[in-house]
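Chemist: In order, the protein sequence lines correspond to chains A and B.
Each residue of the first sequence is one higher than the one before, starting from -8 at the first, in the numbering used here.
Each residue of the second sequence is one higher than the one before, starting from 124 at the first, in the numbering used here.
Glycine is no exception: its CB is placed at the ideal position from the N, C-alpha and C atoms.
Remember, it's a predicted structure, so these values are computed and weren't measured experimentally.
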Amino acid sequence: MTEVIRARGLRKEFTVHVKTGRIRRARRVRAAVDGLDLRVERGEMLGYIGPNGAGKSTTLKMFTGVLTPTAGEVRVCGLRPVAQRTRLALRIGVVFGQRSQLWWDLPLRDSFDLLGHVYRVPAAEHAARLRRCRDLLDLDGFLDVPVRQLSLGQRMRGELTAALLHGPEVLFLDEPTISLDVVSRQAVRGFLAELGSTGDTTLVLTTHDLADIERLCRRLVVADLDAPLPEPPVLPGAPLREVAADGRRLVYALESAGVAEVVSGLAGVASLRDVAVVEPDIEEVVARLYGAPAPAAVPAP
Amino acid sequence: MADGRGGTLRAYRALLGAQARSQTAYRTSFAVDLVGNVGATAFDVLTVLVLFGVTRELGGFTLRETLVVVGLSACAFATADLLVGNIERIPQYVRTGLLDAVLVRPLGALPQLLLMDLPLRKVSRAVFGLAVWVTAVVSAGIDWTPGRALLVVLAPLAAVVFFGSIFVATATVSFYWVESGQLANSLTYGGRDFTSYPVTVYGGWFRALFAYGLGFAFVSYHPALALLGRADPLGLPAWVGWAAPGVAVVAAALAAAAWRVGIRHYRSTGS
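(1) Over what stretch of residues does the beta strand (DSSP E) that includes Arg66 (chain A) continue unbroken?
(2) In chain order, what residues of the same chain lie with their CB nearer than 6 Å to the CB of Ala214 (chain A), ignoring the 5 residues before and after it?
(3) Does the contact criterion of 3 or more C-beta pairs under 8 Å hold for the region 164 to 175 of chain B versus the region 192 to 210 of chain B?
(4) Beta strand (DSSP E) containing Arg125 (chain A): first to last residue?
(5) Is the CB-CB distance between Phe339 (chain B) and Phe333 (chain B) below 7 Å?
(6) Which residue from A:Leu93, A:Leu196, A:Arg120 puts its Cα closest to that of Ser145 (chain B)?
(7) Listed in chain order, which residues of the region 69 to 94 of chain A have Cβ atoms closer than 8 Å to some Cβ of chain B?
(8) Which of the three DSSP states, helix, strand or coil, is assigned to Thr295 (chain B)?
(9) Okay, do the region 321 to 328 of chain B and the region 278 to 291 of chain B touch, 3+ Cβ pairs below 8 Å being the bar?
(10) Taking Cβ positions only, does Gly358 (chain B) come closer than 7 Å to chain A?
(11) According to DSSP, what are the bridge partners of Asp165 (chain A)?
(12) List, in order along the chain, the chain B residues whose C-beta lies closer than 9 Å to that of Gly56 (chain A)?
(13) Since Ala22 (chain A) contacts Val9 (chain A) with CB under 8 Å, what's their CB separation in whole angstroms?
(14) Any C-beta of chain B sitting closer than 7 Å to the C-beta of Leu155 (chain A)?
(15) Taking a contact to mean a Cβ-Cβ separation below 7 Å, would you say Arg33 (chain A) touches Val(-5) (chain A) in this structure?
(16) How should Val212 (chain A) be labelled, buried or exposed, when 16 other C-beta atoms within 10 angstroms of its C-beta is the threshold for buried?
(17) Just how far apart, CA to CA, sit Arg7 (chain A) and Leu186 (chain B)?
(18) Less than 7 Å between the C-beta atoms of Ala80 (chain A) and Arg228 (chain B), yes or no?
(19) When you compare the CB positions of Tyr344 (chain B) and Val322 (chain B), do they come within less than 7 Å of one another, or not?
(20) Quick check on the burial criterion: 16 or more other C-beta atoms within 10 angstroms. Buried or exposed for Asn308 (chain B)?
(21) Taking a Cβ distance cut-off of 9 Å, strictly less, list which residues of the region 190 to 222 of chain B are near chain C, in chain order.
(22) Could you give the residue range of the alpha helix (DSSP H) that holds Ala224 (chain B)?
(23) Classify Leu37 (chain A) as helix, strand or coil using the three-state DSSP reduction.
(24) Could you pull the start and end residues of the beta strand (DSSP E) that Phe5 (chain A) belongs to?
(25) Would Ala375 (chain B) and Ser288 (chain B) qualify as a contact pair, given that the criterion is a beta-carbon distance under 7 Å?
(26) Kindly list the residues whose CB is nearer than 8 Å to the CB of Leu207 (chain A), restricted to its own chain and excluding five residues on each side of it in sequence; keep chain order.
(27) Do Gly84 (chain A) and Glu166 (chain A) have their C-beta atoms closer together than 7 Å?
(28) Name the chain B residues that come within less than 7 Å of Leu143 (chain A), Cβ to Cβ?
(29) Compute the Euclidean distance between the alpha carbons of Thr192 (chain A) and Arg139 (chain A), then round it to the nearest angstrom.
(30) Between Val161 (chain A) and Arg82 (chain A), what straight-line distance do the alpha-carbon atoms span, to the nearest angstrom?
(31) Does the beta carbon of Val109 (chain A) sit closer than 7 Å to a beta carbon anywhere in chain B?
(32) State the DSSP-derived secondary structure class of Asp25 (chain A), mapped to helix, strand or coil.
(33) Given this structure, state the Cα-to-Cα distance separating Gly352 (chain B) from Leu206 (chain B), to the nearest angstrom.
(34) Beta carbon of Asp131 (chain A), beta carbon of Pro98 (chain A): below 7 Å?
(35) Does the beta carbon of Ser145 (chain B) come closer than 7 Å to any beta carbon on chain A?
(36) For Arg96 (chain A), decide whether its Cβ has a neighbour in chain B, counting only Cβ atoms nearer than 7 Å.
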């Protein structure tokens, strides 16, 4: 397995000006991302969830070379994102759910041709990738319609295609299903699942919608402002679902592994305090993680 | 990559073509704007003509001589405004996410922004400016030498680069301070107005600052003196009329540095 993304102690601070008097304003430094450690292997699908303001988009912008980290290190495809921006750009695809890579006043087809020039994609490869996306995303009905006249769902299918035409090794998606209707949401999820299943393209996505995660991802990272995320123990057959409370709470999903295996796997952890087995749905678990610390739910060393 | 440079040029040309198709998608509105856009430049020239209706001399210069100054300024400003003027919309690019979008593509951010928002409807203004310049030069009774023939071409090009640099440099202020549009306008449109007249009409610290501190005298006044074969009433030597290209290169280098620093600031602070 090759490493596609590596982050060590990644940190991003923003300065905000807070009104303290009629004229006076104070500068406050706020960390949007605080000491993120992360390793993503080739072909993995990584879901990134968290409440508004948890630094999900900021993290993606640091991975794609838009923002410079305040501290820490990051490598994507072995490159330094900001310093080697244009070289990295040829190897990654980016979809910002609320922003567009498409030309508003031109037919969708023209945007695809233009991006072929921008990324210098050989014509045959361009045609082959476009054909695949047309089939899987059902684009044929609106290829000749100006982008401004597309529905949100159609546009998002166009954005996905636009991000894939140069054959990126990693696809970053910032809230790709936001404000889509149920049908479009299913189409986007299905397409991403198909894309990820081939193992060629690494997917990193942020979302509010836990159904996206359940459908697509084997691994979850919860972005929590006060909680740096260490790498927790890996248990075969029981993927880690959540890490919370400064890494003091780990949440695993029981898949092929049984309760006994997971508990004995965790028994090796020196600081193990309590283990509980519950059957919450993921939405409930996450809602609790965002809110006030609840009593330990699932295995908690 | 063997096709590196050629591929990049083709990419920029494709972006320009897309912008042309986008703008002409609304045909009537484009045609109306094309005509309407001549207005602003025409007014600059009309102002000069009206002034000479009440006076025969302006700062020691006749109408024909002044027309060389205003023609150079109008022609260069209109062209720079066409090519680079929309960079003042940086706050919009940040808000709509266009800046982030161009930063994740394998091309330079500044050329992409310029090409993707090139206001083609301002072409008419540049063409009108060029017509004023040609008319002014022809009617000024210039004593032609090979040097002056070269300067007639070089001076407008240098002035375009100079105004373009002012546009880029002032626009980068909005990376730090979003509401900086008025400040930028005072230097861009203010610079255009300043360069429409011989600098002898201004006085004191104002002339010192705009003409020589910021370099606007090298845009139209000094090249016009060199073309007309007149000595500078303010006493600068004749070769200064040839300094415009050098000043333009310095201005472009400073603007490029300001742009790089501005983008770095954006990337470290976010929007």
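Modeler: In short:
(1) From DSSP, the beta strand (DSSP E) with Arg66 (chain A) extends over 62 to 67.
(2) Confidence at Ala214 (chain A) is low in this model, with a pLDDT of 44, below 50, so its placement is unreliable and the value that follows should be read with caution. Taken in chain order, the residues that qualify are Gly41, Ala45, Gly46, Lys47.
(3) By the Cβ rule, the region 164 to 175 of chain B counts as touching the region 192 to 210 of chain B, because three or more pairs are nearer than 8 Å.
(4) No beta strand (DSSP E) holds Arg125 (chain A); the alpha helix (DSSP H) holding it covers 114 to 128.
(5) Yes, Cβ-Cβ distance for Phe339 (chain B) and Phe333 (chain B) is below 7 Å.
(6) The shortest C-alpha to C-alpha distance from Ser145 (chain B) to any of A:Leu93, A:Leu196, A:Arg120 is the one to A:Leu93.
(7) Listed by position, the residues of the region 69 to 94 of chain A near chain B (Cβ gap below 8 Å) are Val73, Arg76, Thr77, Arg78, Ala80, Leu81, Ile83, Val85, Phe87, Gln89, Arg90, Ser91, Gln92, Trp94.
(8) In the structure shown, Thr295 (chain B) sits in a helix (DSSP, three-state: H, G or I).
(9) Between the region 321 to 328 of chain B and the region 278 to 291 of chain B, the count of C-beta pairs closer than 8 Å stays below three; the two stretches do not touch.
(10) Under the Cβ distance rule, Gly358 (chain B) does not count among the residues neighbouring chain A, no pair being separated by less than 7 Å.
(11) Its beta-bridge partners are A:Phe87, A:Thr197.
(12) Those are Leu226, Val227, Arg390, listed as they occur along chain B.
(13) About 15 Å separates the two Cβ atoms, so there is no contact after all.
(14) By this cut-off, Leu155 (chain A) is not an interface position.
(15) Taking 7 Å as the Cβ cut-off, Arg33 (chain A) and Val(-5) (chain A) qualify as a contacting pair.
(16) Low local confidence applies: a pLDDT of 47 at Val212 (chain A) is under 50, so the model's placement there is unreliable, and no value is given.
(17) With the sequence shown as reference, residue 7 (chain A) is identified as Val, and Arg is not the correct amino acid for it. Taking C-alpha positions only, Val7 (chain A) is separated from Leu186 (chain B) by approximately 56 Å.
(18) Going by C-beta atoms, Ala80 (chain A) is nearer than 7 Å to Arg228 (chain B).
(19) In this structure, Val322 (chain B) lies closer than 7 Å to Tyr344 (chain B) by Cβ.
(20) Exposed is the call here.
(21) The chain labelled as chain C is not found among the protein chains of the depicted structure, namely A and B.
(22) Taken as a continuous stretch (DSSP letters only), the alpha helix (DSSP H) holding Ala224 (chain B) covers 221 to 226.
(23) Correct three-state label for Leu37 (chain A): strand.
(24) In the DSSP annotation of this structure, the continuous segment of the beta strand (DSSP E) that includes Phe5 (chain A) starts and ends at -6 to 10.
(25) Result yes, Cβ atoms of Ala375 (chain B) and Ser288 (chain B) sit closer than 7 Å.
(26) Cβ neighbours of Leu207 (chain A) within its own chain (closer than 8 Å, five residues either side excluded): Met36, Gly38, Arg180, Leu183, Ala184, Gly187, Leu194, Leu196.
(27) For Gly84 (chain A) and Glu166 (chain A), no; Cβs fall outside 7 Å.
(28) Near Leu143 (chain A) there are no residues of chain B at all, since even the closest Cβ is about 16 Å away, more than 7 Å.
(29) Thr192 (chain A) and Arg139 (chain A) have their C-alpha atoms spaced approximately 29 Å apart.
(30) Approximately 7 Å, taken between the alpha carbons.
(31) Answer yes: the Cβ-Cβ gap between Val109 (chain A) and chain B drops below 7 Å somewhere.
(32) Note: Asp25 (chain A) maps to strand in three-state DSSP.
(33) Leu206 (chain B) has its alpha-carbon roughly 31 Å from the corresponding atom of Gly352 (chain B).
(34) Taking 7 Å as the Cβ cut-off, Asp131 (chain A) and Pro98 (chain A) do not qualify as a contacting pair.
(35) Yes, Ser145 (chain B) lies at the interface with chain A (some Cβ there is under 7 Å from its Cβ).
(36) Checking the sequence shown, residue 96 (chain A) turns out to be Asp, not Arg. So yes, Asp96 (chain A) belongs to the interface.
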